[in-house]
Amino acid sequence: MFGGGGREKAVSAYQRGREIAFINGNCQTSKIKMYLQQNREFDSKFVFLDIPPLYLLSHKEIDLLMYGKDILSRTKLFISQNISLNNSFDRRFSNEYWLKLMDEKVQYIRIPNLFLDIYFPQGGKEQDPEKEPYVRNIFPYNDAIIDELTNKKGFGGEGYTTDEIVEIIEMDDFFTDDFLRWVIEYRFEQLREREKFCDIKMTDYIQERYLKEQIFYSRNHPTNKVLKEESLRILRYMDINGDIEEKVAIPELSVNQEFIYPGIYHKLHTAFKRKWYSDPLSISRNTLAEEIKKYLFCCHNKYFVTTEKRAERLRK
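What the sequence shown shows, in our numbering, is residues 3 to 318, in sequence order.
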């Protein structure tokens, strides 16, 4: 990119007397980076390499980054989720690979990949990559229960209508106490296991608050309040003083939202209820019933029929 001393001058100008920092991980880390930059002491000491979450990089872009890997050898702070060599994207995303390119004295801070689906126990796998991109953008995960209902014969033997599926999903007693008790115990056990080798831990914060307020929009999209707390814990771990000033608004990770069934509110006795779901393709807000119908239309088009339409068809 630069000839002669051009690269040295460019890097020096970029640093402006600060040390280079690098954060590695998914969409959560992009928000953490923004929070850390809004702490005066941190911002005066470090400048982040301007790299998006690595799962967004193509192989060609990674190759280009490797071309300038001498910059990585100057990195003084490396913050990363636990990404192994056998990750599903590229072995060069792994912590082990990055650390080999950095100075052995680099400050390495391991943070957790926050994941919680207690609100969404019905959540299935990621959407089929063969589906239309807009469908996968609106509903990144399958809803296993709705999917199963679309394969049932239904009350009249012709399959459930959308209205009937909504009615079933909105039942207060949809989940049993024993099932939810198991989900809670298992998921927090997983969180603690995932944090075992991390320097920054968040299970205590999540466990204290998850019933008082909704702190995850989907299983891997926590609210900014959670990510700000994680950022503050990183600062304290580094013995950096001061608060996060939030001079710049940080967008929430609320584009993709999984459904919270009313049975969750009823059985867990949460102090909150989700009244609206934002539509990522417009500025509209939808009720749970409207979102379920939209899911049925996008993911199971042939099931988009109301009870009234079926009755009319039967009359004919």
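Note that CB positions come from ideal geometry on N, CA and C, so glycine has one too.
Please read all numbers here as calculations on a predicted model, not as lab measurements.
Beta bridge counterpart(s) of residue i as assigned by DSSP
i    : result
T152 : Answer is none; T152 lacks a bridge partner.
N26  : S82
N41  : According to DSSP, which records beta bridges pairwise, N41 is partnered with nothing at all.
Three-way DSSP call (helix, strand, coil) for residue i in this model
i    : result
T225 : coil
K127 : strand
I167 : helix
T77  : strand
N115 : coil
E21  : strand
N303 : helix
Endpoints, beta strand (DSSP E) assigned at residue i
i    : result
N144 : 143–145
E172 : Counting along the chain, E172 falls outside any beta strand (DSSP E), and DSSP gives it neither H nor E.
Endpoints, alpha helix (DSSP H) assigned at residue i
i    : result
N139 : 135–140
F375 : One cannot answer for residue 375 here, as it falls past the ends of the chain, which runs 3 to 318.
Q30  : 29–38
Residue i classed as buried or exposed, judged by whether at least 16 other C-beta atoms fall within 10 angstroms
i    : result
T31  : buried
Y188 : exposed
A146 : exposed
L321 : No information on residue 321 is available, as it lies outside the stretch 3 to 318 that the chain covers here.
P131 : exposed
R42  : exposed
F157 : exposed
E260 : buried
K35  : buried
L56  : buried
T289 : exposed
Along the chain, which unbroken stretches of the beta strand (DSSP E) at least 3 residues long are found entirely within the segment 187–238?
218–220
Which runs of the beta strand (DSSP E) spanning at least 3 residues fall entirely within the segment 54–109, listed in chain order?
77–83
Ranges of the alpha helix (DSSP H) found wholly within the segment 234–286, counting only runs of at least 4
264–270
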